[in-house]
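In this note's numbering, the protein residues as written are 1 to 339.
Have a look at this one:
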């Protein structure tokens, strides 16, 4: 206590605020036991660093290992602020996950987080509680002992500034059965009354931020599912588009083939018309040849009647020769037209 009085301007309120400014950022609901150490000077943006929009500058501190709270816990099942702080502190000091921590490492961690010196009376009382037998650097505590001693120590520090006067009057600090000095200065405020509303407001803000964080996580999960569904739909549309392109190419090829067949058909029609005209011409020539043959036969008959029976055979042969010549000329004309 002499060292604390020598510090002068550094009151218990300032130390309580300095201690609470380094609380890890993943805290949920709080209990009434830490309502006083969480003074109005504690910034909610430092407690919920992940939700901060305008971070405030802070002095460099060692990396704090955060204790991960299971995601399936609801608001009603979350640990208190004090339990989460103790869990985070134990995890930070138990980096090898052995289930035990060294007393010296715990004290060094608290010195770095709170900014207090090793000679601080509160830290000295905590050291005596954690190491009552005075083992020194080899002293270790397990999780259950750590929680029990730390909770009693925090409760003792929250008893109020009235104990400081008793501590000044006491020659030797009396030890409780748990090994914790009963006379410790408070980590809270000298006038806690006005601080409680601000602390309650901060805790309410913490709950609101926690709810907002969970709501945003749910919305993010829904958006992720929507994106996955959209990707699947896009993949299906891509496959359908590729199939439609194949069908289009097949239709284009069929159309080109149909055009080629149509052109060939037009050529065949033109050829058919030409052949029909030639056929009509040949038919007309054949009819003309037939008429000429009939005329020749009539002439032969007339000549036979005129010549008489003596010259009938000669005339008949001449007529047959003339008719054969006429048929030859007609056949020659037909061949020329066909060519």
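Glycine included, every Cβ here is placed at the ideal spot set by N, Cα and C.
| said: Using 8 Å as the threshold, is the C-beta distance between residue 326 and residue 296 below it? | reply: yes
| message | I'd like to confirm the pairing. Which residues does DSSP put opposite residue 140 in its beta bridges? | response | 102
| residue 94 classed as buried or exposed, judged by whether at least 16 other C-beta atoms fall within 10 angstroms | That one is buried.
| task | Would you kindly report the start and end of the unbroken alpha helix (DSSP H) that includes residue 83? | result | 81–93
| task | Could you check the C-alpha separation between residue 260 and residue 300 for me, to the nearest Å? | result | 59 Å
| said: Alpha carbons only, please: which of 127, 146, 123 and 131 is nearest the one belonging to residue 82? | reply: 146
| Where residue 238 and residue 223 are concerned, what is the direct C-alpha to C-alpha distance, given to the nearest angstrom? | Taking the straight line from one Cα to the other gives about 22 Å.
| Residue burial classification, residue 125 (beta-carbon count within 10 angstroms, cutoff 16) | buried
| task | Taking the CB atoms as reference points, tell me whether residue 102 and residue 140 lie closer together than 8 Å. | result | yes
| message | Given this structure, state the Cα-to-Cα distance separating residue 34 from residue 114, to the nearest angstrom. | response | Its pLDDT being 36, under 50, residue 34 is placed unreliably by the model, and nothing is read from it.
| said: Could you tell me the alpha carbon to alpha carbon distance between residue 236 and residue 86, rounded to whole angstroms? | reply: 53 Å
| request: Specify, as a first and last residue, the run of the alpha helix (DSSP H) that residue 128 falls within. | output: 121–130
| Contact set for residue 143: own chain, Cβ-Cβ below 7 Å, skip 5 residues either direction | 90 and 99
| message | residue 110 and residue 426 - do their beta-carbons sit closer together than 8 Å? | response | Residue numbering for the chain in the displayed model covers 1 to 339; residue 426 lies beyond these limits and cannot be assessed.
| Length of the line joining the Cα atoms of residue 305 and residue 289 | Rounded to whole angstroms, residue 305 to residue 289 spans 25 Å at the Cα level.
| Taking the Cβ atom as the reference point for each residue, do residue 401 and residue 285 lie within a distance shorter than 8 Å? | What is shown of the chain runs 1 to 339, which leaves residue 401 out entirely.
| residue 328 versus 292, 127, 298 and 138, residue with shortest Cα-Cα distance | 292
| query | For residue 28, which three-state DSSP category applies? | reply | Only weak support is given to the placement of residue 28: the predicted model assigns it a pLDDT of 34, under 50, and the value that follows is read from those uncertain coordinates. In the structure shown, residue 28 sits in coil (DSSP, three-state: anything other than H, G, I, E or B).
| query | Rounded to a whole number of angstroms, what is the C-alpha to C-alpha distance between residue 349 and residue 105? | reply | Residue 349 falls outside the range modelled here, since the chain spans only 1 to 339, and no answer is possible.
| said: For residue 252 and residue 243, what's the separation of their Cα atoms in angstroms? | reply: Whole-angstrom Cα-Cα distance: 14 Å.
| message | Could you tell me the alpha carbon to alpha carbon distance between residue 150 and residue 213, rounded to whole angstroms? | response | Distance between the alpha carbons of residue 150 and residue 213: 30 Å.
| Beta-carbon separation of residue 107 and residue 127 under 8 Å? | yes
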